[in-house]
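Worksheet: the structure to be examined is printed underneath.
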Amino acid sequence: MTILEDDDRPFYHDWVAPEDYFTDRGRDLPPGCKEIDDEEQRERENTSLEVMCDRFTEPHPNEEETHPDLEN
Numbered sequence: 722m723t724i725l726e727d728d729d730r731p732f733y734h735d736w737v738a739p740e741d742y743f744t745d746r747g748r749d750l751p752p753g754c755k756e757i758d759d760e761e762q763r764e765r766e767n768t769s770l771e772v773m774c775d776r777f778t779e780p781h782p783n784e785e786e787t788h789p790d791l792e793n
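Position in the sequence shown counted from 1, then plus 721, gives you the numbering used here.
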């Protein structure tokens with residue numbers, strides 16, 4: 722955990738929490754955290770679902786491999 726906390730890269734410090742999760746408890750937001758309301762959470766979820774559906778519309782080109790224990 723310390724490695725991530727000490728790292729300066731924005732990727733590791735870009736996350737969200739439900740609205741008022743920290744601020745209603747009188748706590749400061751952690752670095753890189755943003756509190757979002759239900760509407761923004763739904764918008765983000767819908768955007769994510771659209772992206773995933775677009776990326777997985779076609780079946781994988783390779784045949785699925787089954788573990789040998791499951792073949793019989």
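Glycine included, every Cβ here is placed at the ideal spot set by N, Cα and C.
Sequence-distant residues of its chain with Cβ nearer than 7 Å to residue i (five each side left out)
{"i": "D758", "result": "E740"}
Residues of its chain near residue i, where Cβ-Cβ distance is below 8 Å and the 5 sequence neighbours each way are ignored
{"i": "E756", "result": "V737, A738, P739, E740, D741, Y742, F743, T744 and L750"}
Distance CB(residue i)-CB(residue j) smaller than 7 Å
{"i": "D727", "j": "G753", "result": "no"}
Scan the stretch 724-788 and note each continuous beta strand (DSSP E) run of 3 residues or more that stays entirely inside, going in chain order. If we require 3 residues or more, the beta strand (DSSP E) runs fully inside the stretch 724-788 come out as 736-739 and 754-757.
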